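Chains as they are written, first to last, in the UniProt record's numbering: chain Z, 1 to 260; chain R, 1 to 519.
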């Protein structure tokens, strides 16, 4: 019963039929409630291997399905459910053919959400050998580009993606990166031409740039250039953190009192 | 009231001991003329007496002292001599005695023994005499479970040294069973030790994951029993277990929930700081990590635990580089660390020069070392620091430079990447400059006078805070004998001497404890 469902689910997920796939997934999940060998159970029994493999298949298809439906919350949820099968049960049930892709996808989700601590925690679990897999290297390189500021490489990444499941997430990553570039541009240039800004941010048209600019009130257009208004210079007296200074002085007095 | 009781117990014990040990006292008198020789057998015997007294008076500090003294004994005693003393304390007919004897001989076959060889005939003769006395001594009939635990721990450690890991693990499990069946608070310290050995055995045998549930439930029990030493030990064991398996997430969550007791021994504190530092570093929280690691370096014993200190310095230097600072040169110049830290020194140089080419070369050439130290992931992250230092150097040395040249200097493949990297560095406050896209260059801003900012005040504040913390820590860690405030002022000089002596002894013991095996 469950096997047939898993197969059917895989087929619909691969074909990207969202609505019929979700129907099957619901049924499959009901079947899963009957399984005894799922987390947190780590016991190895006669049936456990088969059950765990089936469950992994179902969750993998579920991930693919949610990617097709572009439902980010569901992707993250299903990846979370899949994780124990890729790591804790690995010795028992072996690797699936999509293991690297799934791990890469989970890393990408964390990257899009800017959960860098989680990202690196997960990466620790991946052995050095596995990191050379193209799906995983792709994501770790993205992380590196982001941290060193080679944003243009991130923006061009969608064309090079090794797994098609990554594309929709890469799109949202581009959004984040554009925001980043915008905030970098406004502090590092005093002025920049519209076309250059458009190119730096990799926007398709001037219209898109204008849309983006509506959210920025310190960007001013003069003819074909954008000038950035710096923050108004504050009064010097305001810059002295008097409260903090008083507090630490009092603290010193208090501590010294104790010593003497 | 409690104090009085304790005294009574001790006095009683002392008189008992003097009756039993008359030959020993004679020997002491003989020996006091020249230098008093350290006879491991006697030390063990005395230690067991102290153990018995402490158990009777429920004195946890006494028990701690017993374990502290154990290090010196363990390192010097011959197994045969140990057997002789053991026969006095555990009836030779009991099954435990037989088991321990067989374990010891197994350990000896594995080459675990490290007894001091007597230097001259006099000593040999003397030792032979002492041995005879122990053989003739009356056997104790009522053996305390604590004594059994103590002697079993000795055997387990010997088995581990002799490479009989599986046997050691079995023995540790058996001991733990016995301890939990007895359920006595005075056994807590021994239980912690037994877990330490068991966890180490499991790690050596490669099935640490299977031990995890047991450790977690033991930690829970230790919390319920307010057994702080046990908690400290188990928290560290669990953290180690997780970090060895790369389960960062679980380790962080556990560390967040489990409160590490303040009264933990120095060694446990240092270990805990190390694990916490490592976890924070993996989670990109470098400043916290560095704070923990420097504290650990400061607290770590200075004369032993070399392997541990090396690991500590490796991690700390990488974390410091990740923060954009340069580690102290003196770390790498310490004679015993120079060689193991050499790859890291090369790394520091590469990062300091801001040269990606050099960094890549070091990373590739030393990949095996970094992988073995489990620091490869952190080393990969350094790429970013290299670029930043490179940019900073360019920023101070050129007033104006084209993106193309920047890309060339930093070994970035495209000028566009260089432009965006500069933009990001400016936004993050790493460099002070403005960019010009049309003409394609970066123009450095004038260097700001740092003394016009709040920066010096903050640096000053950090230093003051450090000194104050140090003072407070020192005050907190002072130890007083329990009845110190009751002692009258008209003490005789003898008492003064005695006190001085015992203080010295205590200091020595603490030092020895610090030398206790660090991994």
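Just so it is clear, CB atoms sit at the ideal spot from N, CA and C, and this is done for glycine as well. Every value quoted in this text rests on a predicted model; they were computed, and no experiment measured them.
Where DSSP assigns a beta bridge to residue i, which residues make up the other side?
i, result
"residue 443(R)", "400(R) and 434(R)"
Residue i lies in the beta strand (DSSP E); which residues open and close that run?
i, result
"residue 221(Z)", "219 to 222"
"residue 227(Z)", "225 to 228"
"residue 191(Z)", "191 to 193"
Looking at chain R, is there any beta carbon in it that lies within less than 8 Å of the beta carbon of residue i?
i, result
"residue 184(Z)", "yes"
"residue 40(Z)", "no"
"residue 241(Z)", "yes"
"residue 224(Z)", "no"
"residue 78(Z)", "no"
"residue 136(Z)", "no"
"residue 157(Z)", "no"
"residue 212(Z)", "no"
"residue 253(Z)", "no"
"residue 153(Z)", "yes"
"residue 206(Z)", "no"
"residue 125(Z)", "yes"
"residue 187(Z)", "yes"
"residue 117(Z)", "yes"
"residue 247(Z)", "no"
"residue 114(Z)", "no"
"residue 37(Z)", "no"
The alpha helix (DSSP H) that contains residue i, what's its start and end?
i, result
"residue 79(Z)", "72 to 86"
"residue 138(R)", "No alpha helix (DSSP H) contains residue 138(R), which DSSP labels as neither H nor E."
"residue 41(R)", "40 to 56"
"residue 478(R)", "Run containing residue 478(R): none; DSSP gives neither H nor E here."
"residue 139(Z)", "134 to 148"
"residue 422(R)", "415 to 427"
"residue 152(Z)", "151 to 155"
"residue 106(Z)", "99 to 112"
"residue 236(R)", "228 to 244"
"residue 42(Z)", "Segment: none, residue 42(Z) is in no alpha helix (DSSP H) and carries neither H nor E."
For residue i and chain Z, any beta-carbon pair shorter than 8 Å?
i, result
"residue 437(R)", "yes"
"residue 377(R)", "yes"
"residue 430(R)", "no"
"residue 434(R)", "yes"
"residue 416(R)", "yes"
"residue 468(R)", "yes"
"residue 270(R)", "no"
"residue 507(R)", "no"
"residue 422(R)", "yes"
"residue 248(R)", "yes"
"residue 144(R)", "no"
"residue 45(R)", "no"
"residue 282(R)", "yes"
"residue 371(R)", "yes"
"residue 425(R)", "yes"
"residue 259(R)", "no"
State the CB to CB distance for the pair residue i and residue j, rounded to an integer number of angstroms; the pair is presumed to be in contact (CB under 8 Å).
i, j, result
"residue 323(R)", "residue 370(R)", "About 19 Å separates the two Cβ atoms, so there is no contact after all."
"residue 354(R)", "residue 386(R)", "6 Å"
"residue 176(Z)", "residue 112(Z)", "7 Å"
"residue 401(R)", "residue 441(R)", "6 Å"
"residue 461(R)", "residue 248(Z)", "6 Å"
"residue 179(R)", "residue 205(R)", "Wrong, their Cβ atoms sit about 22 Å apart, outside the cutoff."
"residue 260(R)", "residue 232(R)", "6 Å"
"residue 270(R)", "residue 299(R)", "5 Å"
"residue 184(Z)", "residue 424(R)", "5 Å"
Please find out if some non-hydrogen atom of the ligand GTP comes closer than 7 Å to the beta-carbon of residue i.
i, result
"residue 52(R)", "Within the structure as shown, the ligand GTP is missing, as the structure has no ligands at all."
The segment 192 to 211 of chain R touching the segment 236 to 249 of chain R, judged by at least three CB pairs closer than 8 Å: Segments in contact, yes.
The segment 77 to 92 of chain R in contact with the segment 215 to 222 of chain R per 3-pair CB rule at 8 Å: At 8 Å Cβ cutoff, the stretches do not touch.
The segment 160 to 170 of chain Z / the segment 61 to 78 of chain Z touching (three or more Cβ pairs under 8 Å): The answer is yes - the segment 61 to 78 of chain Z touches the segment 160 to 170 of chain Z, with three or more Cβ pairs under 8 Å.
Cβ contact check for the segment 182 to 195 of chain R and the segment 152 to 167 of chain R: 3 or more pairs under 8 Å: Yes, the segment 182 to 195 of chain R touches the segment 152 to 167 of chain R.
Cβ pair count under 8 Å reaching 3, the segment 145 to 163 of chain Z against the segment 379 to 395 of chain R: Contact holds between the segment 145 to 163 of chain Z and the segment 379 to 395 of chain R, because three or more Cβ pairs, one in each stretch, are under 8 Å apart.
Three CB pairs or more closer than 8 Å across the segment 187 to 207 of chain Z and the segment 436 to 449 of chain R: Short answer: they touch.
Cβ contact check for the segment 117 to 135 of chain Z and the segment 180 to 188 of chain Z: 3 or more pairs under 8 Å: The segment 117 to 135 of chain Z is not in contact with the segment 180 to 188 of chain Z.
Validate contact between the segment 45 to 55 of chain R and the segment 97 to 106 of chain R using beta carbons, cut 8 Å, 3 pairs: Contact fails: fewer than three Cβ-Cβ distances are below 8 Å.
Segment contact flag, the segment 131 to 143 of chain Z with the segment 95 to 108 of chain Z, C-beta cutoff 8 Å, min 3 pairs: Yes, the segment 131 to 143 of chain Z touches the segment 95 to 108 of chain Z.
Meets three-Cβ-pair contact criterion under 8 Å: the segment 97 to 104 of chain Z and the segment 222 to 229 of chain R: In the pairwise beta carbon analysis, the segment 97 to 104 of chain Z is classified as not touching the segment 222 to 229 of chain R: fewer than three pairs are separated by under 8 Å.
Cβ pair count under 8 Å reaching 3, the segment 130 to 142 of chain R against the segment 58 to 70 of chain R: In this structure the segment 130 to 142 of chain R does not touch the segment 58 to 70 of chain R; the number of beta carbon pairs closer than 8 Å is below three.
Validate contact between the segment 335 to 352 of chain R and the segment 361 to 368 of chain R using beta carbons, cut 8 Å, 3 pairs: Under the three-pair Cβ rule at 8 Å, the segment 335 to 352 of chain R counts as touching the segment 361 to 368 of chain R.
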